[in-house]
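Peer 1:
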């Protein structure tokens, strides 16, 4: 009894502590007021910060490059921050940045997950820094309730999932079996994109979903899973739908190793290798969110508001949280995307909301 | 008064029986899994799929070979992810590729393996020189490997066009890819090292009773460093093999391998406490894991269930394998 009760007591104590801590952190989300008057910054005093997970994937690296391009166009430099996909590291970096001079600070942030957005938003609001967030945001958190959180933008995964689903149906001539490789199953991106495929399947009735598996957005897992599914379904497989390009590239390797060249493959994200594959005719389609634009646009919005060139009063409420325009890439238009040119006109203060495709639902 | 002596005598044969049961456990589990999946799925028992299982096991087998030696010593190695990343990017940049003009072929492959060995050696040196537990040093070295890989990656994916390295994943001999034969050769080499060399024997001895070994005049430290270096070389080769499979050097090449290799080793009967198990045990563990992954897809288990089902089977398999050992401990007490 003596031996069993001690660990039990420790466990109980830890759980109580955990519950108490959770309670504390929830009560601290009420935010403070704003600092300096908006729009009073001298352009030269503006500090630009771009933060993504890491530079070891081409998409996020191109995001920061887009930020650099915008910064250069206004004679400034972007501070490039990466947090290796670790939420605690991201919060720590944000705290450090906000501890400095924040009155003319502009942040363009990719929150690691939905739960990471609230502390970033509250921190920026208290410090009076201008903030644009992308991709991840809990549904109940709105930029409308915050002074300095200019906008949140993301992409409609259901739409992109359906776009490539339709492209796949067209590539296999509307008839035949396909397999689907899903992303990390508990992420919104994976769910939305797969919902898009289901919508596409409902319209393209000749296309049959033979199997769905997850390859966790990983090229390597996609390789193994695709090989397994190819042995399982053999020649019935006419197309492969994947929730991102990394998995599409893994699937392409598997097809090559299996000696199959009659299978159409589609993905999402428009990573450079996928664009090359589309150019070579090995892959059918992908969808681009335009990483360099994402890297520049957040900084541009913040810069325009900070310098007063754009007044928050002129920004429509439905533009504060929106789906941005995305582009289906096939062999018809792949050349335009292989060497993405950053159009600085997109970042002019009158144009920063030009790519709003619809309000976030 | 005579009873204690009798107890000792009667207790002696029992551990032997326990040992043989424990050794057979993972093998039996593997056979059971193969038979079960074969009955449930006609696609599973095709030769194409069985070849596919062996091909899929190749990289994990090589990585697990490395981690087995470290586990035999009673240390732990969490550096596989980082070391694989570094060597994967390094080899992609050293052989013919789209990023630079280098075309070193097999020299490039050797250099990448040496980079892995170097990082492994660093783990070992930090362990013996600074007396930092292997858990921490290898975790640190993993981060160093990922850092090195990220620096070399530099925002642009290196795609390989070296014909020899690409052939590893595509060319077949007796129905299996060259990668699978390389993995088989590695397991054989690992088993030989474990069986016939002083390094292998001492790895067991360090795991069994390091103090006794040290007291009998053996300088343990160089062997520890050597074991970590050997493990690093296996991870390095694993990184090269991943690059060959994917046709590109990825920083994420090694993600997941740290824990799946340790899991495979433990499932196969290599104990985390050291001194027991070995390369062949671990190879059985690797096959069991890969058969599970493949079989669950073949029989059509929903992807939402697979992770949980696989974890459950692994836990049951380990528990079953450890059952005779528990029995033996009770007798000894």
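Residue numbers (this note's numbering), protein chains in the order written: chain S, 69 to 429; chain F, 124 to 456. Backbone N, C-alpha and C fix where the C-beta goes; we use that ideal spot for every residue, glycine too.
Note down the Cα distance separating residue 409 of chain F from residue 284 of chain F, rounded to an integer number of angstroms.
Peer 2: Taking the straight line joining both Cα atoms gives about 30 Å.
Peer 1: For residue 116 of chain S, collect the residues of the same chain with a Cβ closer than 6 Å to its Cβ; drop the 5 residues on either side in sequence, then sort them by chain order.
Peer 2: Excluding residues within five positions, the ones whose Cβ falls inside 6 Å are 139, 144, 146, 174 and 367.
Peer 1: Which partner residues does residue 295 of chain F have in the DSSP bridge list?
Peer 2: Answer is F:300, bridged to residue 295 of chain F.
Peer 1: Would residue 351 of chain S and residue 327 of chain S be called neighbours here (beta carbons separated by less than 9 Å)?
Peer 2: Against a cut-off of 9 Å, the Cβ pair of residue 327 of chain S and residue 351 of chain S comes out as no contact.
Peer 1: Would you kindly work out how many angstroms separate the C-alpha atoms of residue 429 of chain F and residue 311 of chain F, rounded to a whole number?
Peer 2: One C-alpha to the other measures close to 32 Å.
Peer 1: Kindly indicate which three-state DSSP category residue 70 of chain S falls into: helix, strand or coil?
Peer 2: Annotation note: pLDDT 47 at residue 70 of chain S (below 50); position unreliable, no value reported.
Peer 1: For the stretch 210 to 225 of chain F against the stretch 184 to 193 of chain F, are there 3 or more C-beta pairs whose distance is under 8 Å?
Peer 2: Counting Cβ pairs under 8 Å, fewer than three are found: no touch.
Peer 1: I need the boundaries of the alpha helix (DSSP H) containing residue 45 of chain S, first residue and last residue.
Peer 2: What the structure shows of chain S is the stretch from 69 to 429, and residue 45 of chain S is not part of that stretch, so it cannot be assessed.
Peer 1: Counting only beta-carbon separations shorter than 9 Å, does residue 409 of chain S have a partner in chain F?
Peer 2: Chain F, which has no Cβ nearer than 9 Å to the Cβ of residue 409 of chain S, makes this no.
Peer 1: One question on the structure: do residue 365 of chain F and residue 236 of chain F come within less than 9 Å of each other, judged by their Cβ atoms?
Peer 2: Result no, Cβ atoms of residue 365 of chain F and residue 236 of chain F do not sit closer than 9 Å.
Peer 1: Which complete alpha helix (DSSP H) runs does the stretch 318 to 403 of chain F hold, if anything under 4 residues is left out?
Peer 2: Runs of the alpha helix (DSSP H) inside the stretch 318 to 403 of chain F: 321 to 338, 343 to 369 and 380 to 391.
Peer 1: The alpha helix (DSSP H) with residue 131 of chain S in it runs from where to where?
Peer 2: First-last of the alpha helix (DSSP H) with residue 131 of chain S: 126 to 141.
Peer 1: Between the Cα of residue 151 of chain F and the Cα atoms of F:433, F:392, F:399 and F:432, which residue gives the shortest distance?
Peer 2: Comparing Cα positions, the closest option is F:392.
Peer 1: Run down chain F in chain order and give the residues with a C-beta less than 8 Å from the C-beta of residue 295 of chain S.
Peer 2: Those within 8 Å of residue 295 of chain S in chain F are 175, 178 and 179.
Peer 1: Below 7 Å CB to CB, which residues in the same chain sit around residue 148 of chain S once its five sequence neighbours on both sides are set aside?
Peer 2: Cβ within range, chain order: 118 and 132.
Peer 1: Check whether the stretch 245 to 259 of chain S and the stretch 207 to 218 of chain S touch, using three or more Cβ-Cβ pairs below 8 Å as the test.
Peer 2: With a cut-off of 8 Å, the stretch 207 to 218 of chain S and the stretch 245 to 259 of chain S do not count as touching, because too few Cβ pairs lie within range.
Peer 1: According to DSSP, is residue 280 of chain F part of a helix, a strand, or is it coil?
Peer 2: Residue 280 of chain F falls in the coil class under three-state DSSP.
Peer 1: With a threshold of 8 Å on Cβ separation, who are the neighbours of residue 175 of chain F within its own chain once the five nearest residues in sequence on each side are excluded?
Peer 2: Closer than 8 Å at the Cβ level, and outside the excluded window around residue 175 of chain F, lie 417.
Peer 1: Expressed to the nearest angstrom, what Euclidean distance is found between the alpha-carbon atoms of residue 192 of chain F and residue 206 of chain F?
Peer 2: If you take the alpha carbons of residue 192 of chain F and residue 206 of chain F, they lie about 16 Å apart.
Peer 1: Pick from S:279, S:234 and S:372: whose alpha carbon is nearest that of residue 419 of chain S?
Peer 2: For the residues S:279, S:234 and S:372, the minimum Cα distance to residue 419 of chain S belongs to S:372.
Peer 1: How many angstroms separate the CA atom of residue 142 of chain S from the CA atom of residue 410 of chain S?
Peer 2: Going from the Cα of residue 142 of chain S to the Cα of residue 410 of chain S covers about 14 Å.
Peer 1: Please list, in chain order, the residues of the stretch 257 to 282 of chain S that have any C-beta partner in chain F closer than 9 Å.
Peer 2: Those would be 279, 280, 281 and 282, in chain order.
Peer 1: On a CA-only basis, which of S:312, S:212 and S:302 is nearest residue 260 of chain S? Give me that one, please.
Peer 2: Considering only alpha carbons, the answer is S:312.
Peer 1: Between which two residues does the beta strand (DSSP E) containing residue 249 of chain S stretch?
Peer 2: 244 to 250 is the span of the beta strand (DSSP E), which, as asked, contains residue 249 of chain S.
Peer 1: Quick one, which residues of the stretch 140 to 171 of chain S are near chain F if we go by CB-CB under 7 Å, in chain order?
Peer 2: Within the stretch 140 to 171 of chain S, no residue has a Cβ that lies closer than 7 Å to any Cβ of chain F.
Peer 1: List, in chain order, every chain S residue whose beta-carbon is nearer than 7 Å to that of residue 373 of chain F.
Peer 2: Within chain S, the residues near residue 373 of chain F are 287.
Peer 1: Residue 188 of chain S to residue 166 of chain S, Cα distance in whole Å?
Peer 2: When rounded, the distance between both Cα atoms is 10 Å.
Peer 1: Which chain F residues sit within Cβ distance under 7 Å of residue 325 of chain S?
Peer 2: Under the 7 Å cutoff, chain F gives 292 and 293.
Peer 1: Helix, strand or coil for residue 147 of chain S, going by three-state DSSP, please let me know.
Peer 2: Three-state DSSP puts residue 147 of chain S in a strand.
Peer 1: Give the C-beta separation of residue 374 of chain F and residue 273 of chain F to the nearest angstrom, bearing in mind that I take them to be a contact with Cβ-Cβ under 8 Å.
Peer 2: Confirmed, about 6 Å.
Peer 1: Where does residue 258 of chain F land, buried or exposed, given buried means 16+ other C-beta within 10 angstroms?
Peer 2: Label assigned to residue 258 of chain F: exposed.
Peer 1: Helix, strand or coil for residue 254 of chain F per DSSP?
Peer 2: In the structure shown, residue 254 of chain F sits in coil (DSSP, three-state: anything other than H, G, I, E or B).
Peer 1: Which residues mark the beginning and the end of the alpha helix (DSSP H) in which residue 228 of chain S is found?
Peer 2: From DSSP, the alpha helix (DSSP H) with residue 228 of chain S extends over 225 to 239.
Peer 1: Just the Cα atoms here: how many angstroms apart are residue 161 of chain S and residue 153 of chain S?
Peer 2: Looking at the two C-alpha atoms, the distance is approximately 12 Å.
Peer 1: Select from S:337, S:292, S:340 and S:108 the residue whose C-alpha is nearest the C-alpha of residue 322 of chain S.
Peer 2: If we check each option's Cα against that of residue 322 of chain S, S:292 comes out closest.
Peer 1: Along the alpha helix (DSSP H) that carries residue 175 of chain F, what are the first and last residues, could you check?
Peer 2: Residue 175 of chain F -> alpha helix (DSSP H) spans 170 to 195.
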